[in-house]
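Numbering (this note's numbering), first residue to last: -2 to 219. Think of the CB as a built atom: it goes at the ideal place given N, C-alpha and C, for glycine as much as any other residue. What follows is a set of notes on a single structure, which appears directly below.
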């Protein structure tokens, strides 16, 4: 017998999510196959991840996040912003939110235009990455490997094979067993100009349109 499911679809700078109001705690979080099926872009709803909004004593709500492969995930910055917007839609919060995620408590504010600002956790100094002599690693709630492309390097970031290179680093033994997200950054000639970033996300196992914890890591490492 099929079961109905009420869901909402949100996106933050192209990072998209299936969101479910699970304050009654009825969603089966152990059914990873179902979560993966819901996130499938051909046979499901399609998303980079799935989030549950749940009640949590001492907080406005709890964020429970799963990657597109159905596995429980580390923190997702864009997901957090989307869930705050969803909480406002449900009248769970107004213009301020205090919620619990897998990496700890987070604060957020909702502007008059609906823009959500999210406070991330404190981050340790960048480390030398396990792969690549000049690459760095940071944990901004999720693990991130960062590779800066030399301005003289070919191909450019636009032509760079993010899937192949990202896949190799994500599964490198240096990051066993959990793996890492991988960010490729094009360093502009003028550092005051935007720094283009492309991210391969573990759990999605592909490039995503954006990654909040990833660009936070890049900004801190730059």
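Worksheet item: For residue 205, which option in 215, 163, 188, 190 has the closest C-alpha, if you only look at C-alpha atoms?
Response: The residue given as residue 205 occupies position 208 in the chain shown. It is 163 whose Cα lies nearest to the Cα of residue 205.
Discussion item. Am I right that residue 78 and residue 9 are in contact with their C-beta atoms under 8 Å? What's the rounded C-beta distance?
Written reply: Numbered from 1 along the chain shown, position 81 holds the residue referred to as residue 78. Numbered from 1 along the chain shown, position 12 holds the residue referred to as residue 9. Yes, they are in contact, since the Cβ atoms of residue 78 and residue 9 sit about 5 Å apart, within 8 Å.
Worksheet item: Quick one: what does DSSP say residue 155 is sitting in, helix, strand or coil?
Response: Within the chain shown, numbered from 1, the residue matching residue 155 stands at position 158. Correct three-state label for residue 155: helix.
Worksheet item: Should residue -2 go down as buried or exposed, given a rule of 16 or more other Cβ atoms within 10 Å for buried?
Response: The residue you call residue -2 lines up with position 1 of the chain shown. At residue -2 the pLDDT is 39, less than 50, meaning the model places this residue with poor confidence; the figure from the coordinates comes in the next sentence. That one is exposed.
Discussion item. Here's the rule I'm using: 16 or more other beta-carbon atoms within 10 Å means buried, otherwise exposed. How should residue 112 be labelled?
Written reply: Taking the chain shown and counting its residues from 1, one reaches residue 112 at position 115. The residue in question, residue 112, is exposed, as its Cβ has fewer than 16 Cβ neighbours within 10 Å.
Item to complete: For the beta strand (DSSP E) containing residue 170, list its first residue and its last residue.
Response: Working through the chain shown from its first residue, we reach residue 170 at position 173. Note, residue 170: premise wrong, no beta strand (DSSP E); not H, not E.
Worksheet item: Should residue 14 go down as buried or exposed, given a rule of 16 or more other Cβ atoms within 10 Å for buried?
Response: Position 17 of the chain shown, counted from the start, is the residue given in the question as residue 14. By the 10 Å Cβ count, residue 14 comes out buried.
Fill in: Separation of residue 124 from residue 216, as counted between CA atoms
Sequence index remark: in the chain shown, residue 216 carries index 219 (1-based). Sequence index remark: in the chain shown, residue 124 carries index 127 (1-based). Spanning the two alpha carbons is a distance of roughly 14 Å.
Worksheet item: Of the residues 214, 57, 81, 87, which one's Cα is nearest the Cα of residue 108?
Response: If you number the chain shown from 1, residue 108 lands on position 111. Comparing Cα-Cα distances from residue 108 to each of 214, 57, 81, 87, the minimum goes to 81.
Discussion item. From the DSSP secondary-structure annotation, give me the bridge partner or partners of residue 195.
Written reply: Locating residue 195 in the chain shown gives position 198, counting from the first residue. Bridge partners of residue 195: 181.
Worksheet item: Can you name the start and end residues of the alpha helix (DSSP H) that residue 212 belongs to?
Response: In the chain shown, residue 212 corresponds to position 215, counting from 1. Element bounds for residue 212: 209 to 218.
Fill in: Completely contained beta strand (DSSP E) runs for the region 48 to 132, where each covers 3 or more residues
58 to 64, 93 to 98, 101 to 107, 113 to 115
Worksheet item: Considering only residues of the same chain and omitting the five flanking positions on each side of residue 154, which have a CB-CB separation below 7 Å?
Response: Residue 154 sits at position 157 when you count from the first residue of the chain shown. Closer than 7 Å at the Cβ level, and outside the excluded window around residue 154, lie 146, 181, 183, 193, 195.
Fill in: Extent of the continuous alpha helix (DSSP H) to which residue 35 belongs
Along the chain shown, read from residue 1 onward, the residue named residue 35 stands at position 38. Segment 29 to 36, the alpha helix (DSSP H) holding residue 35.
Discussion item. Residue 12 and residue 209 - do their beta-carbons sit closer together than 8 Å?
Written reply: Start at 1 with the first residue of the chain shown, and residue 209 comes out as number 212. Start at 1 with the first residue of the chain shown, and residue 12 comes out as number 15. The answer is yes: Cβ separation under 8 Å.
Worksheet item: The beta strand (DSSP E) spanning residue 7 covers which residue range?
Response: Taking the chain shown and counting its residues from 1, one reaches residue 7 at position 10. First-last of the beta strand (DSSP E) with residue 7: 5 to 9.
Practice prompt. Pull up the DSSP beta-bridge partners for residue 140, would you.
Written response: Residue 140 sits at position 143 when you count from the first residue of the chain shown. Its beta-bridge partners are 136.
Item to complete: Could you work out which residue in 120, 64, 56 is closest to residue 37 when comparing CA atoms only?
Response: In the chain shown, the residue the question calls residue 37 occupies position 40. Comparing Cα-Cα distances from residue 37 to each of 120, 64, 56, the minimum goes to 64.
Worksheet entry | With 16 other Cβ atoms within 10 Å as the buried cut-off, status of residue 75 | As a working mapping, residue 75 is identified with position 78 in the chain shown. With 16 or more other Cβ atoms within 10 Å, it is buried.
Worksheet entry | residue 30 and residue 67 closer than 8 Å at C-beta | Within the chain shown, numbered from 1, the residue matching residue 30 stands at position 33. Within the chain shown, numbered from 1, the residue matching residue 67 stands at position 70. Against a cut-off of 8 Å, the Cβ pair of residue 67 and residue 30 comes out as a contact.
Worksheet entry | Supposed close pair residue 132, residue 143 - CB separation, criterion 8 Å | As a working note, residue 132 is residue 135 in the chain shown. As a working note, residue 143 is residue 146 in the chain shown. Going by Cβ atoms, the distance from residue 132 to residue 143 rounds to 6 Å, so yes, they are a contact pair.
Worksheet entry | Proximal residues to residue 148 (C-beta, below 7 Å), its chain only, five neighbours per side dropped | The count along the chain shown starts at 1 and reaches residue 148 at position 151. Here the set comprises 184, 186.
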